[in-house]
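A.B. asks: Just dropping this structure here.
Protein chains: 2
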Amino acid sequence: MTQALPSWTDGAARRAIIDFVAAVTDAAGPDYVPTPERIAVFDNDGTLWCEQPLQVQVLFAFDRAAAMAKADPSLAQRQPFKAFLEHDQAAIHELGKEGIFEFAFAVHAGMSIEAFQDEVRQWLTAARHPKLDRPYPQVVYQPQLELLAYLREHGFKTFIVSGGGVDFMRAFAEQVYGIPPEQVIGSSVKTELQESGGHFSLMKLAKLDTFDDRAVKPANIGLHIGRRPILAFGNSDGDQAMLRYTLDGPGRRMALLVHHDDNERETAYDRDFKLSPLTETLDRAEEFGIQLVSVKRDWAKVFPD
Amino acid sequence: MTQALPSWTDGAARRAIIDFVAAVTDAAGPDYVPTPERIAVFDNDGTLWCEQPLQVQVLFAFDRAAAMAKADPSLAQRQPFKAFLEHDQAAIHELGKEGIFEFAFAVHAGMSIEAFQDEVRQWLTAARHPKLDRPYPQVVYQPQLELLAYLREHGFKTFIVSGGGVDFMRAFAEQVYGIPPEQVIGSSVKTELQESGGHFSLMKLAKLDTFDDRAVKPANIGLHIGRRPILAFGNSDGDQAMLRYTLDGPGRRMALLVHHDDNERETAYDRDFKLSPLTETLDRAEEFGIQLVSVKRDWAKVFPD
Chain C
73 MTQALPSWTD
83 GAARRAIIDF
93 VAAVTDAAGP
103 DYVPTPERIA
113 VFDNDGTLWC
123 EQPLQVQVLF
133 AFDRAAAMAK
143 ADPSLAQRQP
153 FKAFLEHDQA
163 AIHELGKEGI
173 FEFAFAVHAG
183 MSIEAFQDEV
193 RQWLTAARHP
203 KLDRPYPQVV
213 YQPQLELLAY
223 LREHGFKTFI
233 VSGGGVDFMR
243 AFAEQVYGIP
253 PEQVIGSSVK
263 TELQESGGHF
273 SLMKLAKLDT
283 FDDRAVKPAN
293 IGLHIGRRPI
303 LAFGNSDGDQ
313 AMLRYTLDGP
323 GRRMALLVHH
333 DDNERETAYD
343 RDFKLSPLTE
353 TLDRAEEFGI
363 QLVSVKRDWA
373 KVFPD
Chain Y
73 MTQALPSWTD
83 GAARRAIIDF
93 VAAVTDAAGP
103 DYVPTPERIA
113 VFDNDGTLWC
123 EQPLQVQVLF
133 AFDRAAAMAK
143 ADPSLAQRQP
153 FKAFLEHDQA
163 AIHELGKEGI
173 FEFAFAVHAG
183 MSIEAFQDEV
193 RQWLTAARHP
203 KLDRPYPQVV
213 YQPQLELLAY
223 LREHGFKTFI
233 VSGGGVDFMR
243 AFAEQVYGIP
253 PEQVIGSSVK
263 TELQESGGHF
273 SLMKLAKLDT
283 FDDRAVKPAN
293 IGLHIGRRPI
303 LAFGNSDGDQ
313 AMLRYTLDGP
323 GRRMALLVHH
333 DDNERETAYD
343 RDFKLSPLTE
353 TLDRAEEFGI
363 QLVSVKRDWA
373 KVFPD
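Order-wise, the sequence lines are chains C and Y. Each residue of the first sequence is one higher than the last, beginning at 73 in the numbering used here. Each residue of the second sequence is one higher than the last, beginning at 73 in the numbering used here.
Structural data, given as structure tokens:
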């Protein structure tokens, strides 16, 4: 037998996870949960992969904006295009999380979902993370890959519930996380079925459908899953509603929060990361019943080899 | 070995299904489809269960409207309340499919999803179908229960994609069809997370989110599944876009259409059922490559014992 969760140190977080999974899978115990109800939801940016200095999808939008400005130089004078072209982080942060993502979504309007995902896949394998200097599929957190697999081995169905674009995440979630497209929930734009020459495509429109953050996360869990999760994992105040909604269901539940406190192996940040701060959820984690996960203390290893 | 699909007669439809499943599951053959891509989508009303004289959810709304009018008699004078209270089919049909469903959704605004589903489950077991005189969980089509199970045995993931309300269908789909909530897609109202005394609930609002019919079905497949199905099954023009979107993907595909042509064992209807007519899709089925399924000829048995 290999040890469970080898990239987790033998601390409180790892022990709490193993205890929880043992309790809900013990058919003779008081906390048993039938397999179909073992729903686990994970935020993506900052929970499953690195979101510093900016969320990966924002970095992707930089390159798309550059390509668009090449085709139409007048764009370079307009905001927020200008900020994205100049990688002007101060101006970008001014837009706020939703504003930035809306722009990142808008630059792909008019493409079919399938063509968009081809472009995402090409970019993800070719581009390198500016700070970690490795391909994007390797900026995922190794302890979380192990946790996802561990939960699935114990009959859990694992979902992503993230502010990131749903079509963007689905382009790699199956290969990288083992999570199929139908278990990825995210922000979305409206799409429209278009017929051309007898062929049917779903085209991405420039209209936001849902920005999947804060109280919208539980609403999207209601819409897409239709069952309250028994485990939720996040890393910011944007995840608080999802964590507390999960904990509030009947029976045994678990909510976890990554605290990025390791400046040696990645970036230490919490309340000062304006785009997605961690403040109240950190301060009141114990009161809410949320298990803190310290990158420094709980993760023996951060990224895959 | 028991025979596959025993409630299907040994006709063209059954043979086409068995051929298709054999082809896409033959790992050495040219039409092989890996398991995660074996997505099958089914309409619900008229495809998986009886929608005559009206869709079950409309009948459910009759009873809810009656209870509301008891509490507030002034409602009885207002349309469309009046039509629902008097079961005035002509006036109800005037509302059109979307209008009727909007009303059926609106009468449950202000409830939490969980409370709503408790009510649906109670009603479904207590009430009886007005024409078939049996409990609603038994107005499902036996051949379709067998087909759902047959597909799942061959590695398919089965989904519902219906104009019916998603929370309504999820209240019984797992027990009746073996389809878990997260694989049920339907029309939906907006919901809102409400906190009360430290408890969190998703409340149904009076605002329509999506009416899942016609071109909206493929768009919702894109949003919820994120992968083009390889098999789709419907029964009305409202399913045409989903059937053709499915057939248009690469590789081998299958689309099927129930034609209700048996007035002895259930109701024969097609182009005259105003709420959800079958006209163009029937006339052009062969041209589109859609396999017709005749209730009279292809189903040896219609309802479960």
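Glycine included, every Cβ here is placed at the ideal spot set by N, Cα and C.
Note down the Cα distance separating Y:Q129 from C:T339, rounded to an integer number of angstroms.
C.D. replies: Distance between the alpha carbons of Y:Q129 and C:T339: 52 Å.
A.B. asks: Might you give, ordered along the chain, the residues of its own chain that have their beta carbon closer than 6 Å to the beta carbon of Y:A243, omitting 5 neighbours on each side?
C.D. replies: Q189, V192 and R193, listed in sequence order.
A.B. asks: Taking Cβ-Cβ distances shorter than 8 Å, what residues in chain C pair up with Y:L217?
C.D. replies: Result: empty, since nearest Cβ-Cβ is about 18 Å, beyond 8 Å.
A.B. asks: What's the gap between the Cα of C:P301 and the Cα of Y:A95?
C.D. replies: Rounded to whole angstroms, C:P301 to Y:A95 spans 37 Å at the Cα level.
A.B. asks: What residues from chain C crowd round Y:Y317, counting only those whose CB sits closer than 7 Å?
C.D. replies: Going along chain C in sequence order, the residues near Y:Y317 (Cβ under 7 Å) are L265 and F272.
A.B. asks: Taking C-alpha atoms, which residue in Y:G321, Y:G237 and Y:G310 lies nearest to Y:F175?
C.D. replies: Closest by alpha carbon: Y:G237.
A.B. asks: If we define contact as Cβ-Cβ less than 8 Å, is C:E359 a contact residue for chain Y?
C.D. replies: Closer than 8 Å: no.
A.B. asks: Tell me C:W121's beta-bridge partners as DSSP assigns them.
C.D. replies: Answer is C:D117 and C:V212, bridged to C:W121.
A.B. asks: Identify whether Y:E338 lies in helix, strand or coil by the three-state DSSP scheme.
C.D. replies: Of the three classes helix, strand and coil, the one that applies to Y:E338 here is coil, per DSSP.
A.B. asks: Excluding five sequence neighbours on each side, which residues of the same chain lie with their C-beta closer than 7 Å to the C-beta of C:P252?
C.D. replies: Excluding residues within five positions, the ones whose Cβ falls inside 7 Å are E246.
A.B. asks: Helix, strand or coil for Y:D377 per DSSP?
C.D. replies: Looking at Y:D377 - three-state DSSP - the assignment turns out to be coil, as it is neither helix nor strand.
A.B. asks: Please compile the residues from chain C whose C-beta is within a distance smaller than 7 Å of the C-beta of Y:G294.
C.D. replies: Within chain C, the residues near Y:G294 are I185, T263 and L274.
A.B. asks: What separation, rounded to the nearest whole angstrom, lies between the Cα atoms of Y:F231 and C:G227?
C.D. replies: Rounded to whole angstroms, Y:F231 to C:G227 spans 20 Å at the Cα level.
A.B. asks: Indicate whether the contact test is met: 3 or more Cβ pairs, each with one atom in the segment 204-218 of chain C and one in the segment 88-103 of chain C, closer than 8 Å.
C.D. replies: Segments in contact, no.
A.B. asks: Name, please, each residue of chain Y whose Cβ falls closer than 9 Å to the Cβ of C:P301.
C.D. replies: Simply none; closest approach about 11 Å.
A.B. asks: May I ask you to report which of helix, strand or coil DSSP gives C:V96?
C.D. replies: Helix at C:V96.
A.B. asks: Are the beta-carbon atoms of Y:G235 and Y:F283 separated by less than 8 Å?
C.D. replies: A contact, by the Cβ cut-off of 8 Å.
A.B. asks: For a contact meaning CB atoms closer than 8 Å, what does C:V238 contact in chain Y?
C.D. replies: Those within 8 Å of C:V238 in chain Y are L295 and G298.
A.B. asks: Rounded to whole angstroms, what's the CA-CA distance from C:P78 to C:D239? Just pull it up for me.
C.D. replies: Looking at the two C-alpha atoms, the distance is approximately 31 Å.
A.B. asks: Cβ closer than 8 Å: which chain C residues qualify as neighbours of Y:R45?
C.D. replies: Chain Y is shown from 73 up to 377; residue 45 of chain Y falls before or after that span and cannot be answered.
A.B. asks: Taking the alpha carbon of C:A26 as the point to measure from, which residue in C:D281, C:F375 and C:L364 has its own alpha carbon closest?
C.D. replies: Look at the range of chain C in this structure, 73 to 377, and you will see that residue 26 of chain C is not part of it.
A.B. asks: Inspect the beta-carbon positions of C:H331 and C:V374 and report whether they are closer than 8 Å.
C.D. replies: No, these two residues do not count as a Cβ contact at 8 Å.
A.B. asks: In chain Y, which residues lie less than 9 Å from C:S259 when you measure between Cβ atoms?
C.D. replies: Within chain Y, no residue comes near C:S259; the closest Cβ sits about 11 Å away, beyond 9 Å.
A.B. asks: I'd like to know if C:R242 contacts chain Y, where contact means its C-beta is closer than 8 Å to some C-beta of that chain.
C.D. replies: Taking Cβ atoms only, chain Y reaches closer than 8 Å to C:R242, which makes this a yes.
A.B. asks: Using a threshold of 8 Å, state whether the C-beta atoms of Y:D281 and Y:S308 are closer than that.
C.D. replies: Going by C-beta atoms, Y:D281 is not nearer than 8 Å to Y:S308.
A.B. asks: Report the CB separation of C:A141 from C:F153 in whole angstroms; it is logged as a contact under 8 Å.
C.D. replies: About 7 Å; that satisfies the 8 Å criterion.
A.B. asks: Can you give me the start and stop residues for the beta strand (DSSP E) that C:D281 sits inside?
C.D. replies: Note, C:D281: beta strand (DSSP E), H271 to T282.
A.B. asks: Under 8 Å between C-beta atoms, does C:P252 make it to chain Y?
C.D. replies: Interface residue, yes.
A.B. asks: Looking only at C-alpha atoms, which of C:L303, C:F132 and C:R343 sits nearest to C:Y208?
C.D. replies: C:Y208 has its Cα closest to that of C:F132, out of C:L303, C:F132 and C:R343.
A.B. asks: Based on Cα-Cα distance, which residue from C:R369, C:K229, C:L157 and C:L303 lies nearest to C:Y249?
C.D. replies: The residue with the shortest Cα to Cα distance from C:Y249 is C:K229.
A.B. asks: By the three-class DSSP mapping on this structure, what secondary structure does Y:H296 have?
C.D. replies: It is helical.
A.B. asks: When you check each C-beta in the segment 101-125 of chain C against every C-beta of chain A, which residues fall closer than 7 Å?
C.D. replies: The structure shown contains no chain A; its protein chains are C and Y.
A.B. asks: What distance in whole Å lies between the Cβ atoms of Y:L329 and Y:T353, which are believed to be in contact at a cut-off of 8 Å?
C.D. replies: Right, their Cβ atoms sit about 6 Å apart.
A.B. asks: Rounded to whole angstroms, what's the CA-CA distance from Y:T197 to Y:Q210? Just pull it up for me.
C.D. replies: So the two alpha carbons sit approximately 10 Å from each other.
A.B. asks: Checking 8 Å against the spacing of the C-beta atoms, do C:A162 and Y:L274 come in under that value?
C.D. replies: No, these two residues do not count as a Cβ contact at 8 Å.
A.B. asks: The alpha helix (DSSP H) with Y:T230 in it runs from where to where?
C.D. replies: Taken as a continuous stretch (DSSP letters only), Y:T230 belongs to no alpha helix (DSSP H), being part of the beta strand (DSSP E) at K229 to G237.
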